[in-house]
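Data block below; observations after.
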Amino acid sequence: MAVAPLGEDPRPAFARLRAISDRVRAVDPGATAISAGMSHDFADAIAEGATHLRIGSAITGERPVRT
């Protein structure tokens, strides 16, 4: 699972991940999974080839603040 840096545009991080994935696939064509992207950046992750996402708060809502 790749997570983009907080406070930065996630697209460059996912683009780097895609490039790395392409290199891995050149050695192992069966390595097709790319796990990246969460509720706030999944569209960028999909655009860069993500096959698995972690969509939590977009479905279940934000977690309550612990005090």
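Residue numbers (this note's numbering): 15 to 81.
No residue lacks a Cβ here, since even glycine has one placed at the ideal position from N, Cα and C.
One or two residues paired with residue i in a DSSP bridge
{"i": "Met-52", "result": "Arg-68"}
Given residue i as reference, the closest of the options once Cα atoms are compared
{"i": "Val-17", "options": "Ala-40, Val-79, Ala-59 and Arg-37", "result": "Ala-59"}
{"i": "Thr-65", "options": "Asp-42, Ile-73, Asp-23 and Arg-32", "result": "Arg-32"}
{"i": "Pro-24", "options": "Leu-67, His-54 and Thr-46", "result": "His-54"}
{"i": "Ala-27", "options": "Gly-75, Glu-76 and Phe-56", "result": "Phe-56"}
{"i": "Ala-72", "options": "Asp-42, Gly-51 and Pro-43", "result": "Gly-51"}
{"i": "Glu-36", "options": "Gly-63, Gly-21 and Glu-22", "result": "The sequence given here has Asp at residue 36, not Glu. The shortest Cα separation from Asp-36 among Gly-63, Gly-21 and Glu-22 belongs to Gly-63."}
{"i": "Ala-61", "options": "Arg-30, Asp-42, Gly-44 and Arg-77", "result": "Arg-30"}
Where residue i sits in the DSSP three-state scheme
{"i": "Ala-16", "result": "strand"}
{"i": "Ala-47", "result": "coil"}
{"i": "Thr-81", "result": "coil"}
Limits of the alpha helix (DSSP H) - the one that residue i falls within
{"i": "Pro-26", "result": "24-41"}
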